[in-house]
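Residue numbers (the numbering used here): 633 to 791.
Written as structure tokens, this is what we have:
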């Protein structure tokens, strides 16, 4: 577990935010500024940061449900839930912890997308910048994280 003083606590979990995390969010905004405009790019970066925290909170809450102690470090390009079990976890408990993060991210992102009036048709057309940012930062990145290779959560569930 990380040793420095946490930036803040969320639901009792210490959250550590590294400089690299903010640098990556700035990089995302810079890369998408031409495509989405600065307002859209900053919205996308903010949503990625928020959904990353929510994703890791899902892992931490699931780990706590098994009796583990958890904390959330947010670092360059990623966040992760670090936890220390107080007992040997079953395979299904480990799988549940792995899937809790993307599950919360996909669910919350999908709900927010629908609340914002995102179209529910395929192919998706006519998205506002905010709808696009929510769809990408929430469900799409959450689904990507389920790819069954390490270091993604889908790969962790195979261990």
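Here a beta-carbon is modelled for each residue, glycine too, at the ideal position from N, C-alpha and C.
This one's a predicted model, so the numbers in the text were calculated from it and none came from an experiment.
Pick helix, strand or coil for residue i, following the three-state DSSP scheme.
i: residue 791; result: coil
i: residue 735; result: helix
i: residue 723; result: helix
i: residue 639; result: coil
Using a 10 Å radius around the Cβ and a threshold of 16 neighbouring Cβ atoms, would you call residue i buried or exposed?
i: residue 640; result: exposed
i: residue 675; result: buried
i: residue 738; result: buried
i: residue 643; result: exposed
i: residue 782; result: exposed
i: residue 749; result: exposed
i: residue 688; result: buried
i: residue 633; result: At residue 633, the pLDDT of 48 sits below 50, so the modelled position is not reliable and the matter cannot be decided from this model.
i: residue 647; result: buried
i: residue 697; result: exposed
i: residue 658; result: exposed
i: residue 722; result: exposed
i: residue 773; result: buried
Find out if the Cβ-Cβ distance for the pair residue i, residue j is shorter than 7 Å.
i: residue 694; j: residue 729; result: yes
i: residue 770; j: residue 741; result: yes
i: residue 677; j: residue 660; result: yes
i: residue 710; j: residue 691; result: no
i: residue 673; j: residue 665; result: yes
i: residue 598; j: residue 686; result: This structure gives no information on residue 598, because the portion of the chain shown stretches from 633 to 791.
i: residue 777; j: residue 717; result: no
i: residue 668; j: residue 761; result: yes
i: residue 767; j: residue 745; result: yes
i: residue 702; j: residue 653; result: no
Less than 7 Å between CB atoms is the rule here; does residue i satisfy it with respect to chain C?
i: residue 749; result: Absent here is chain C; the protein component of the structure consists of one chain.
What first and last residue would you give for the beta strand (DSSP E) that runs through residue i?
i: residue 715; result: 714-716
Unbroken stretches of the alpha helix (DSSP H), 4 residues or longer, contained in the segment 740-785
761-767 and 773-776
Exercise. Which ranges would you report for the beta strand (DSSP E) in the segment 641-705 if only whole runs of at least 3 residues count?
Worked result: 645-649
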